[in-house]
Structure formats: C-alpha cells, structure tokens
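Since the structure comes first, as structure tokens, the remarks are kept for the end.
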Amino acid sequence: MNPTALMIMLLSLAIGTTMTLMSHHWLLAWIGLEINTLAIIPLMTKTPHPRAIEAATKYFLTQASASALILFSATMNAWKTGEWSITLLSDPYTITLSMALMMKLGLAPLHFWLPEVIQGIPLSTGLILSTWQKIAPMTLLLQISHLTDLKLLITVGLTSILIGGWGGINQTQLRKIMAFSSIGHLGWMVLILKFNPQLTLFNFLLYIMMTAAMFFSLMSISSTKISEISSSWPKSPILVTTMMLVLLSLAGLPPLTGFSPKLLIILELAKQNTLLLASVTMLASLLALFFYLRLTYVMILTLPPHIPPSSTHWRTTKNSPLTATMTTLALLIFPLSPTFMLIM
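In our numbering, the protein residues as written are 82 to 425.
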C-alpha cells in the first residue's frame, strides 16, 4: 500500500476512536464509529485476495447493521427524552444500544463475523481489529453500564466464554484461534461490567497488551497455522519461548499477567454473593485453557532434541523493540496489578 494512503488510514483510525472517546453526544460517537469502520476496510483489502475481499464485505455489512441500530436507537431515545446525552437513556433503547455495541465487539451470540473476518485479513490488520477497533465500542459500553440489564450482561458474558473456548478447540488456523480467544476474553469483561466497571477496564487494557504481544510474535515469524509454529524453533528459539509464555498468560495461568484479571473477577463475583456464577465461569474457561495448552504442547514438541538434525537457520527473524516491550508487559504485570487497580 502507498505510504501516504497508509498514513491517512491510520490517522483516520486514531481520529475516529478519539472522537468517540471524547464525545458526550450519541451522534458524535456514531460518527467516530463510522470513521473507524471506513478507515480499516482499505487496510483489509491491501492484498487483493478473494478471502480479503470477502472478509472486508462481511465486516462492512456487520458494522453497518450495528451502526444503523445505534443511530436508530439513539434517535428514538432523543425523540422520547429530548436529550442526545450518552448516559441518559430510556428503558427500551438501552437494550438495543447494548446489543449493537456487543455486535461491534464480536460478543456471542453476535460473534459469527469475527473469526471469518480475522481469518481473511493479514496479521497486521488482524492486530488492529482485535485491539484498537474494540476501544471505541467498549468505552461506550462502559459509559452505559449502569443502565444495562444485569441478566443480559451475564447471559452474553457466559455465552461468549463458552463459545470462545468451544470454537477454538478444533482450529488449526492461528488467526481463528486468536478470534475465539478475543470472544472469550470479552465475555469475562462483560460478565463483570455491571458489578465493577473499573475491573472491566483493567481487564480490557491487559487483554490489549497480551493480544498485541501474541500478534507481534506471529508477525515476527510469519506464522498463520499451527503447523508453521511447530517449525519455528530453529529460526528464533527465544521468540518461540516467549510465545509459549504469552499463550499461558492468555490462558490465565499464574504467575503471569493474564492470571490477574481472572483472579480479580472471580473474587468480585464471590464478593457479590454469586458463587454459582463464579463456579460456572471457571468451568467454562477450562475449554479455552485446553486449546491454549494444546498450542503450547505443539511448540514444546519442536524443542531439542526433537528438532530436525539440520542446524541451518535459513530464515532468521529480527525481534523488534515493540515486540519485546509488549511481550514483557504481557508476562510481568501481575505483581503490579494492585497498583494499577488503585490508580484506576
């Protein structure tokens, strides 16, 4: 892609998200979401492949439907209340706006577009779609969390955790695995949204760090399939080792960064006297733990002495400082979690 066009697209992404973050008015927030949607589509189709065109079309139709629902609900709410303020919603339209934002995020049962779209686009665009594109809708969802129905959030959250774990089990494509991982993590955030919005924000920030670290690592070794990861050890042993640790962090194993939000969410659910919900959530997360461990196991099988006898490193990778920084954050923030929670 032309560097000038790429810069314009990335600048538009930044402007769209910033506009939504700064707005108190539904119309301005909607405009920011639309700028975001239109800016990422050229990035999806920068390699003119049928899969990329199909992914961009699916993404556009889904996001356009969600945006239309947001605009329609906000207009009807303004007609009824006389206000366009984001935090002032009347009862029927809170549910429709929440569902539209969940559709933009890719939460179950409105998740069907996400794995197919991420599978059809490059890893760099998949990184943007899995992290930056979720900031604006998540911020709006946080702002209306006190008005959203608790039963709806619990249902969507549990469904997303189950779908995120179940859908990733039989996958061999790394981008689809990351898509189902995203669905599962967002389910944890939505589950706790009504009880503790600050904890949802903390979980979201850690999710962005861990997902970005994983995508940067995959981009460094140019892998999109499990079978390609299994031959990466001779090329970059240190990177493959840190990738295994990032996967375990995404799974939520202690003492890595990913354990922190899961621990705090379970403690918060226990504090709210919802022990049954906490137990079901932990059991549902075992499905996701299985496919993370399976990926790690595939990597371990390639460690010495199981690697091929040839010692020729025919495609050496260079690790960027950004990859190293995100990987460090994705692994070592757990001891600092209390400090971050106090700041937030």
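For each residue, glycine too, the CB sits at the ideal point set by N, CA and C.
These numbers come from a predicted model, not from an experiment.
Going by other Cβ atoms of all chains shown within 10 Å of its Cβ, with 16 needed for buried, is residue i buried or exposed?
i: Thr323; result: buried
i: Thr397; result: Confidence at Thr397 is low in this model, with a pLDDT of 48, below 50, so the placement of that residue should be treated as unreliable; the coordinate-derived value is given next. So Thr397 counts as exposed.
i: Pro84; result: exposed
i: Leu417; result: exposed
i: Trp160; result: exposed
i: His105; result: exposed
i: Lys257; result: buried
i: Gln144; result: buried
i: Ser392; result: Interpretation of Ser392 is limited by its pLDDT of 47, a score under 50 that renders its predicted location unreliable; the figure taken from the coordinates is listed afterwards. Exposed is the call here.
i: Gln279; result: exposed
i: Met82; result: exposed
i: Asn158; result: buried
i: Ile424; result: exposed
i: Met103; result: exposed
i: Ser179; result: buried
What are the boundary residues of the alpha helix (DSSP H) that residue i is part of?
i: Ile202; result: Per DSSP, Ile202 belongs to no alpha helix (DSSP H) and is neither H nor E.
i: Ser154; result: 131-162
i: Gly454; result: The chain is shown from 82 up to 425; residue 454 falls before or after that span and cannot be answered.
i: Thr98; result: 84-103
i: Pro336; result: Taken as a continuous stretch (DSSP letters only), Pro336 belongs to no alpha helix (DSSP H), as it is neither H nor E.
i: Thr118; result: 107-125
i: Leu413; result: 402-413
i: Pro278; result: 278-302
i: Trp247; result: 231-249
i: Phe371; result: 356-381
i: Ser179; result: 172-186
i: Leu221; result: 216-224
i: Ile167; result: Per DSSP, Ile167 belongs to no alpha helix (DSSP H) and is neither H nor E.
i: Ser308; result: 307-310
Measuring alpha carbon to alpha carbon, tell me which residue in the options is nearest residue i.
i: Thr99; options: Pro129, His130, Gln214; result: Gln214
i: Gly79; options: Ala155, Ile199, Met184, Ser298; result: Because the chain here runs from 82 to 425, residue 79 falls outside it and cannot be looked at.
i: Pro203; options: Leu234, His266, Lys306; result: Lys306
i: Thr168; options: Leu208, Leu210, Gln224, Leu182; result: Gln224
i: Ile244; options: Leu286, Tyr174, Gly207, Gly187; result: Gly187
i: Leu124; options: Phe153, Leu92, Leu102; result: Leu92
i: Arg132; options: Gly201, His192, Met180; result: Gly201
i: His266; options: Thr362, Met88, Leu413, Leu376; result: Thr362
i: Pro402; options: Ser262, Thr220, Ser298; result: Ser298
i: Pro335; options: Ala411, Asn277, Leu221; result: Ala411
i: Trp247; options: Ile381, Gly163, Thr162, Ala189; result: Ala189
i: Lys139; options: Leu374, Ile122, Phe153; result: Ile122
i: Ala137; options: Leu178, Thr101, Glu197; result: Glu197
i: Pro342; options: Met103, Met290, Ile381; result: Met290
i: Ala351; options: Ser226, Asn277, Met157; result: Asn277
i: Ile381; options: His130, Ser312, Ala147, Ile346; result: Ser312
i: Arg375; options: Asn354, Gln252, Ala86, Pro315; result: Gln252
Mind checking whether residue i and residue j have CB atoms under 9 angstroms apart?
i: Ile151; j: Trp111; result: yes
i: Leu108; j: Ala155; result: yes
i: Thr118; j: Gly97; result: yes
i: Ile250; j: Phe141; result: no
i: Gly268; j: Ser241; result: yes
i: Ser211; j: Ser263; result: yes
i: Gly431; j: Leu287; result: The displayed coordinates of the chain run from 82 to 425. Any statement about residue 431 would go beyond what the structure contains.
i: Ser301; j: Ile310; result: no
i: Gly207; j: Ile216; result: no
i: Phe285; j: Met219; result: yes
i: Leu413; j: Thr377; result: no
i: Ala147; j: Leu94; result: no
i: Leu348; j: Leu337; result: no
i: Leu320; j: Tyr373; result: no
i: Asp230; j: Thr177; result: no
i: Gly333; j: Ser360; result: no
i: Met90; j: Ala120; result: yes
> Would you call the region 287-301 and the region 401-416 touching, i.e. three or more CB-CB distances under 8 angstroms?
Replying inline: yes
>> Across the region 265-274 and the region 227-241, are there enough close Cβ pairs to call them in contact, namely three or more that are closer than 8 angstroms?
In response: Between the region 265-274 and the region 227-241 there are three or more C-beta pairs closer than 8 angstroms, enough to call the two in contact.
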